[in-house]
Amino acid sequence: MGAASSSLAGSEPFERKLCGLEDVPENCITAMFMYMEPPEICLLARVNRSFHRASRSDTVWEQKLPRNYKFLVGRILEDQQEEGRKDKLISRKKEIYARLCRPNLFDAGTKVAWLDKRSGKVCLAISPKAMKITGFDDRRYWEDIASDESRFGSLAYLRQIWWLEAVGNIRFEFAPGKYSLLFKIQLGKPLRKCGRKTCNIDQVHGWEIKPLRFQLSTSDGQCAMSERHLDESGRWFYHHVGDFVVDNQNSPVWVKFSMLQIDCTHTKGGLCLDCVIICPFEYRGKYTNFD
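Just so you know, we're using the working numbering here: the sequence shown kicks off at 1060 and counts up by one.
Pasting the structure below:
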């Protein structure tokens, strides 16, 4: 019976009915892509022409983009054009997704936004240059250090000060969900010696006396506060300030945040501030795991 089946399968009428991947209808491939993550779609686009065409479908990528993607295009990609970049404004949804997944600087290069490649959720980083910081423009207190460790190419290093107050805010349209805010800081001055990264902690002082106070508030009344004694030098850590929830779609939210140590009975110094990060709540562990 096995031999008979083999003979039938090799006959001409049966050969015509055998199907391969090239025979799968494009609309079926598109429907399949709707349930896949973007990296998987890009990988399968190499299978054949039908898969490649389906992988460029606006129907597929419209679903992968965050619900506020039109705001992101207007706030970030169009903002880059206004700053003199020659990139053409893109229209295909796949190209928009790819562009938004890159680190995109906006607001004169003081903020950066990017999408997580798998989930399409937005993350933000805010430079110290976008914040109001006590004595920030005075070289006696603060120093701007070039660094390839930072998303912005430089870090803010505090030499010494009596009153520390760093306050920032951002008005942004977040997709509905829960978000976390974190400060990326380090005790010690990052240096390079003989091509190796090191950290000078000679100027670190004053942080063991009183804790740093961190605060977060939003325009719809949400608040969070936390404190931290800085007692470990020479490594970066992400301090989790708190969380906030966005319920309304297409409604910009003001987020205000601060880092304070305003006890004037002693000086403090040797603190390095890289940025403030706002990310979806479920990604918080990606940063705090290094804490």
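Ideal Cβ placement from N, Cα and C applies to all residues, glycine included.
Beta carbon of residue i nearer than 8 angstroms to that of residue j
i	j	result
residue 1246	residue 1222	no
residue 1194	residue 1264	no
residue 1126	residue 1234	yes
residue 1081	residue 1109	yes
residue 1014	residue 1208	Residue 1014 falls outside the range modelled here, since the chain spans only 1060 to 1350, and no answer is possible.
residue 1294	residue 1284	no
residue 1288	residue 1270	yes
residue 1037	residue 1200	Any answer about residue 1037 is impossible in this case: the structure gives the chain only from 1060 up to 1350.
residue 1100	residue 1119	yes
residue 1177	residue 1098	yes
residue 1122	residue 1095	no
residue 1268	residue 1292	no
residue 1114	residue 1124	no
Distance between beta carbons of residue j and residue i, contact taken as under 8 angstroms
i	j	result
residue 1249	residue 1186	No, residue 1249 and residue 1186 are not in contact; Cβ-Cβ is about 16 angstroms, not under 8 angstroms.
residue 1335	residue 1231	Actually they are not in contact, since the Cβ atoms of residue 1335 and residue 1231 sit about 12 angstroms apart, beyond 8 angstroms.
residue 1302	residue 1243	Contact doesn't hold; Cβ gap of about 17 angstroms is too wide.
residue 1316	residue 1274	7 angstroms
residue 1337	residue 1240	5 angstroms
Residue i versus the options, residue with shortest Cα-Cα distance
i	options	result
residue 1136	1105, 1171 and 1118	1171
residue 1312	1130, 1152, 1124 and 1252	1130
residue 1112	1220, 1090, 1125 and 1303	1090
residue 1331	1203, 1107 and 1158	1203
residue 1340	1216, 1122 and 1236	1236
residue 1180	1260, 1156 and 1298	1156
residue 1010	1122, 1154, 1296 and 1182	The displayed coordinates of the chain run from 1060 to 1350. Any statement about residue 1010 would go beyond what the structure contains.
residue 1347	1251, 1310, 1189 and 1296	1296
residue 1262	1326, 1210, 1300 and 1268	1326
residue 1210	1227, 1165 and 1226	1165
residue 1168	1153, 1159 and 1184	1184
As assigned by DSSP and simplified to three states, the class of residue i
i	result
residue 1313	strand
residue 1333	strand
residue 1087	helix
residue 1161	coil
residue 1307	coil
residue 1255	strand
residue 1247	coil
residue 1323	coil
residue 1328	strand
residue 1340	helix
Any chance you could list the beta strand (DSSP E) runs of at least 3 consecutive residues sitting entirely within the segment 1260-1304, in chain order?
Taken in chain order, the complete beta strand (DSSP E) segments of 3 or more residues contained in the segment 1260-1304 are 1271-1277 and 1282-1287.
Would you list, in sequence order, the uninterrupted beta strand (DSSP E) runs of no fewer than 3 residues that lie entirely inside the segment 1165-1240?
The DSSP assignment places 1170-1174, 1181-1185, 1201-1205, 1213-1217 and 1223-1231 as complete runs of the beta strand (DSSP E) inside the segment 1165-1240, in order along the chain (cut-off: 3 residues).
Taking the runs of the beta strand (DSSP E) that are 3 residues or longer, which of them lie wholly in the segment 1099-1130?
DSSP runs (the beta strand (DSSP E)) wholly in the segment 1099-1130: none.
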